[in-house]
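All remarks here apply to the structure that follows.
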Amino acid sequence: MNKQKKPLHRQDLNFVFGKKNYVVMFIGLAVIALGFILMAGGGSDDPNVFNEEIYNFRRIRLAPTLVLIGFAIEAYAILLNPNKK
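Given below as structure tokens:
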């Protein structure tokens, strides 16, 4: 009799995305996080004093642009074909 050895419960791991997709997703998450970090701050400790820092270029233009670019990178990462060479 021939005894064939079967693999012990070896699962076929099929991920939805490939390694390239996950790398691009993490880059997009880092860009989004950087945008939110740049958006933070600019408030005043005293409610009777108005701080003009909340209207500077970094918080009004740069940070929201980085967040939108990060979301675009995330959409690209989802649509990226991992099997294409």
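Numbered continuously in my numbering, the sequence shown closes out at residue 110. Yeah, the Cβ is synthetic: ideal placement off N, Cα and C, and Gly gets one too. This one's a predicted model, so the numbers in the text were calculated from it and none came from an experiment.
- Residue burial annotation: A65 is exposed, with fewer than 16 other C-beta atoms found within 10 angstroms of its C-beta.
- Straight through space, the alpha carbons of G53 and F96 are spaced by roughly 7 Å.
- Annotated as proximal: L91 and V56, with beta-carbon spacing under 7 Å.
- Around N46, the same chain offers A102, I103, L105, P107 as residues with beta carbons nearer than 8 Å, after the five sequence neighbours per side are excluded.
- In this structure, DSSP gives A88 a helical state, which the three-state scheme calls helix.
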